[in-house]
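Asks:
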Amino acid sequence: SLLALPGTDGEQGPNLSVAMVDVSKWPLFKLLSTQELASIRQACIFGASANEAIYITHDDEVYVLGLNCSNCLGTGDSQSTIVPKKLDSLTGKKLVSLSYGSGPHVLLATQEGELYAWGHNGYSQLGNGTTNQGVSPILVTTNLQNKRVTEVACGSHHSLALTHEGEVFAWGYNNCGQVGSGSTANQPTPRKVSNCLQNKVMVSIACGQTSSMAVADNGEVYGWGYNGNGQLGLGNNGNQLTPCRLIALQGLCVLQIASGYAHSLALTDEGLLYAWGANTYGQLGTGNKSNQLSPVQVMTEKERIVEIAACHSTHTSAAKTQSGQVFMWGQCRGQPIVLPHLTHFSSTDDVFACFAMPSVMWRLLSMEHDDFLTVAQSLKKEFDNPETSDLKFSVDGKYIHVHKAVLKIRCEHFRSMFQSHWNEDMKEVIEIDQFSYPVYRSFLEFLYTDSVDLPPEDAIGLLDLATSYCENRLKKLCQHIIKRGITVENAFSLLSAAIRYDAEDLEEFCFKFCVNHLTEVTQTAAFWQIDGNMLKEFICRASHCGAFKN
Numbered sequence: 167s168l169l170a171l172p173g174t175d176g177e178q179g180p181n182l183s184v185a186m187v188d189v190s191k192w193p194l195f196k197l198l199s200t201q202e203l204a205s206i207r208q209a210c211i212f213g214a215s216a217n218e219a220i221y222i223t224h225d226d227e228v229y230v231l232g233l234n235c236s237n238c239l240g241t242g243d244s245q246s247t248i249v250p251k252k253l254d255s256l257t258g259k260k261l262v263s264l265s266y267g268s269g270p271h272v273l274l275a276t277q278e279g280e281l282y283a284w285g286h287n288g289y290s291q292l293g294n295g296t297t298n299q300g301v302s303p304i305l306v307t308t309n310l311q312n313k314r315v316t317e318v319a320c321g322s323h324h325s326l327a328l329t330h331e332g333e334v335f336a337w338g339y340n341n342c343g344q345v346g347s348g349s350t351a352n353q354p355t356p357r358k359v360s361n362c363l364q365n366k367v368m369v370s371i372a373c374g375q376t377s378s379m380a381v382a383d384n385g386e387v388y389g390w391g392y393n394g395n396g397q398l399g400l401g402n403n404g405n406q407l408t409p410c411r412l413i414a415l416q417g418l419c420v421l422q423i424a425s426g427y428a429h430s431l432a433l434t435d436e437g438l439l440y441a442w443g444a445n446t447y448g449q450l451g452t453g454n455k456s457n458q459l460s461p462v463q464v465m466t467e468k469e470r471i472v473e474i475a476a477c478h479s480t481h482t483s484a485a486k487t488q489s490g491q492v493f494m495w496g497q498c499r500g501q502p503i504v505l506p507h508l509t510h511f512s513s514t515d516d517v518f519a520c521f522a523m524p525s526v527m528w529r530l531l532s533m534e535h536d537d538f539l540t541v542a543q544s545l546k547k548e549f550d551n552p553e554t555s556d557l558k559f560s561v562d563g564k565y566i567h568v569h570k571a572v573l574k575i576r577c578e579h580f581r582s583m584f585q586s587h588w589n590e591d592m593k594e595v596i597e598i599d600q601f602s603y604p605v606y607r608s609f610l611e612f613l614y615t616d617s618v619d620l621p622p623e624d625a626i627g628l629l630d631l632a633t634s635y636c637e638n639r640l641k642k643l644c645q646h647i648i649k650r651g652i653t654v655e656n657a658f659s660l661l662s663a664a665i666r667y668d669a670e671d672l673e674e675f676c677f678k679f680c681v682n683h684l685t686e687v688t689q690t691a692a693f694w695q696i697d698g699n700m701l702k703e704f705i706c707r708a709s710h711c712g713a714f715k716n
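Going by my numbering, the sequence shown opens with residue 167, and the numbers climb by one from there.
Here's what the structure looks like:
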């Protein structure tokens, strides 16, 4: 669930900018085309096995895909889908917060402050007064008329909403007091959480599986609900039916809280990290597996922390430091990591994509599709660009525009060629006559893109070039293309080319193909065009393989 502010900037408090994240780390998004991926503005992976996804496009259209457990996709039916389906009722609604429970049920708040819910509803966690599944988005209004909801959070089967005025509303499953009503009766509709929250302005909410947390505008932290592992941080393990202030954090101004399955993390305005609650998997980062009933400071030796991450369906914790280092601890792919471990990731989201179980998102991801290009993308764009090039190759009367520096960096052949004593170095146009235009263009493009797009027959010519320029990776790529494109018609030409260019693996592959399809291959034009010696060699070799037993 979304158990934290969307990002914090150490100096300036809450801040909505989130580094651009590569959603392709989540397997479900592999189902989308490049165009669909480019259209995503916000996304969330959720569900008991991380098998459901919701995403919002730049045009404010909402799409879902995946397993659809408990109707959690909101499509109006219980069908799963590997093709994105549009939720028409949410089109044009700008989304500001989203969270999900274990059922799963889904809560969503719009920019207008409306609250929508759908999915599992066995405990009235949708807040519509019933326990019927919500097959499509329901507008939740009870006790929320004239209120603007700004943030939502879900526990396993209960729900919280934070309003613009700083009030907290709760509903759903209440077996441990997680709704904060003073009883353990389930709460069918949103109810304002009062008691010691009365007259306080809350700025952030979070849920563990069966516990609830809230942060006040003055940095105080309150907790209620299940406390069997000490996840409320009160110094005891008794459940609380109404909010209790975490006295242990007195004197500290907390900016962000994040709740895991049964543990909690807090980040102060000075960049200090505190943890408490369950520690079976080392999720507190204290170096052991003992539960903590009160907050303990962790990562004390590290630099200032600017973001913390946890999610109620996992036992994983993550944090990001001021210089951008990302640490993870707790249950990481089933392994208990008891001390914060420095990763090579650039965002806490990647920790959840690669190491949390299930690999759900701990918050709604915001994508920033700006005009930024990576080095590799920029190079690709500049291939054969006459405006920036400083050199032309002329092949079959056609020009190919390139950059000397790129060729020198990428290819040993050109590095030697452009040494000052070579006269090519002075030329603006270099004539090429030993290779065809498609082959030479493909070679130069490979130096800019690392990829080759050629039919198998042309790949033979490129294989020749790669051999004479000692480009081993290119040689391998050509062999791949040829192997994948072999047919009865071209098998013999490919075999003779493989022999000619000394490509042993490829020769073996083409030879076997010819033997396996001997009757058809010997009836092709290519077979009768080869010279006598090669034909004899082939017949001799084929007979050793028992090709002529009959």
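Positions of the beta carbon are idealized from the N, C-alpha and C atoms, including for glycine.
How about S236 and G269: are their beta carbons less than 7 Å apart?
Replies: Their beta carbons are under 7 Å apart, which means S236 touches G269 by this criterion.
Asks: Is K366 helix, strand or coil when you go by DSSP?
Replies: Correct three-state label for K366: coil.
Asks: V318: buried (16+ other C-beta within 10 angstroms of its C-beta) or exposed?
Replies: Its Cβ being crowded by 16 or more others within 10 Å, V318 is buried.
Asks: By DSSP, does H579 sit in helix, in strand, or in coil?
Replies: H579 falls in the helix class under three-state DSSP.
Asks: How big is the Cα-Cα spacing for D515 and G396?
Replies: So the two alpha carbons sit approximately 26 Å from each other.
Asks: Quick one: what's got a C-beta closer than 8 Å to K196's C-beta in the same chain, skipping five residues either side?
Replies: Hits under 8 Å: S190.
Asks: If distances are taken between C-alpha atoms only, which option among M527, G279, A414 and S555 comes closest to Y221?
Replies: Checked all of M527, G279, A414 and S555; the closest Cα to Y221 is M527.
Asks: Measure the C-alpha to C-alpha separation of V187 and L531 and round it to an integer number of angstroms.
Replies: Note that V187 scores 49 on pLDDT, short of 50, meaning its location in the model is unreliable and no value can be drawn from it.
Asks: How about K649: is its C-beta nearer than 7 Å to some C-beta of chain D?
Replies: Here there is only one protein chain, and chain D is not present.
Asks: Taking the CB atoms as reference points, tell me whether N287 and Q299 lie closer together than 7 Å.
Replies: Yes, they are a contact pair.
Asks: Where M523 and W337 are concerned, what is the direct C-alpha to C-alpha distance, given to the nearest angstrom?
Replies: Cα to Cα, M523 sits roughly 27 Å from W337.
Asks: Give the DSSP-derived three-state secondary structure of Q139 in the structure shown.
Replies: The structure shown does not extend to residue 139, since the chain spans only 167 to 716, so no value can be given for it.
Asks: What number of angstroms, rounded off, separates the C-alpha of V334 from the C-alpha of S360?
Replies: Distance between the alpha carbons of V334 and S360 is about 8 Å.
Asks: Can you give me the Cβ contacts of L508 inside the same chain, cut-off strictly under 7 Å, excluding the 5 residues immediately before and after it?
Replies: Result list for L508: Q491 and F493, in chain order.
Asks: Who does G338 pair with in a DSSP beta bridge?
Replies: According to DSSP, which records beta bridges pairwise, G338 is partnered with H324 and Q353.
Asks: Identify the continuous beta strand (DSSP E) that holds T633 and give its terminal residues.
Replies: That residue, T633, is in no beta strand (DSSP E); its alpha helix (DSSP H) goes P622 to S634.
Asks: Please say whether P621 and I648 have beta carbons closer to each other than 7 Å?
Replies: No. Outside cutoff.
Asks: Short check: CB of G644 to CB of A663, under 7 Å?
Replies: It should be noted that the sequence gives Cys, not Gly, for residue 644. No.
Asks: Please report the straight-line C-alpha distance between V687 and R650, rounded to a whole angstrom.
Replies: Taking the straight line joining both Cα atoms gives about 17 Å.
Asks: DSSP on I648, reduced to helix/strand/coil?
Replies: Helix at I648.
Asks: Is R499 helix, strand or coil by DSSP?
Replies: Here R499 sits in coil by DSSP.
Asks: Return yes when the Cβ of A219 is within less than 7 Å of the Cβ of L231, no when it is not.
Replies: In this structure, A219 lies closer than 7 Å to L231 by Cβ.
Asks: Exposed or buried, E597, counting other C-beta atoms within 10 Å across all chains shown (16 or more means buried)?
Replies: When all chains shown are included, E597 counts as exposed.
Asks: Determine which residues share a DSSP beta bridge with A380 and list them.
Replies: For A380, which the question treats as bridged, DSSP gives the partners I371 and Y388.
Asks: Reducing DSSP to helix, strand and coil, say where V187 ends up.
Replies: Any reading at V187 must be qualified, since the residue scores a pLDDT of 49, below 50, and its modelled position is unreliable; the value itself is stated next. Note: V187 maps to coil in three-state DSSP.
Asks: Can you round the beta-carbon distance between T355 and G321 to whole angstroms, since I take them to be within the 8 Å contact cut?
Replies: Incorrect: roughly 17 Å between the Cβ atoms, too far for contact.
Asks: Going by DSSP, name the residue or residues bridged to K558.
Replies: DSSP, once it has assigned bridges, lists H567 and V595 as partnering K558.
Asks: Since I believe G399 is in contact with A414 (beta carbons under 8 Å), could you give me their beta-carbon distance rounded to a whole number of angstroms?
Replies: Indeed they touch by this definition, with Cβ atoms about 6 Å apart.
Asks: Determine, using beta carbons only, whether L660 and C676 come nearer to each other than 7 Å.
Replies: For L660 and C676, yes; Cβs fall inside 7 Å.
Asks: First and last residue of the beta strand (DSSP E) that includes P270?
Replies: That residue, P270, is in no beta strand (DSSP E); it is neither H nor E in DSSP.
Asks: Quick check on T615: does DSSP put it in helix, strand or coil?
Replies: Looking at T615 - three-state DSSP - the assignment turns out to be helix.
Asks: Would you identify the three-state DSSP class for T434, choosing helix, strand or coil?
Replies: Here T434 sits in strand by DSSP.
Asks: Per DSSP, which one or two residues make a beta bridge with E284?
Replies: Per the sequence presented here, residue 284 reads as Trp, with Glu not at that position. DSSP lists V272 as partners of W284.
Asks: Would you mind listing the alpha helix (DSSP H) stretches within the region 459–525 that are 4+ residues and don't spill past its ends, in chain order?
Replies: Counting only runs of 4 or more, we get 514–521.
Asks: In whole angstroms, give me the CA-to-CA distance for S183 and M533.
Replies: With a pLDDT of 36 at S183, under the threshold of 50, the modelled position of this residue cannot be trusted; read the value that follows with caution. Answer to the nearest angstrom: the Cα atoms are 9 Å apart.
Asks: Which value, in whole angstroms, describes the spacing of the CA atoms of D175 and L412?
Replies: Interpretation of D175 is limited by its pLDDT of 33, a score under 50 that renders its predicted location unreliable; the figure taken from the coordinates is listed afterwards. Distance between the alpha carbons of D175 and L412: 24 Å.
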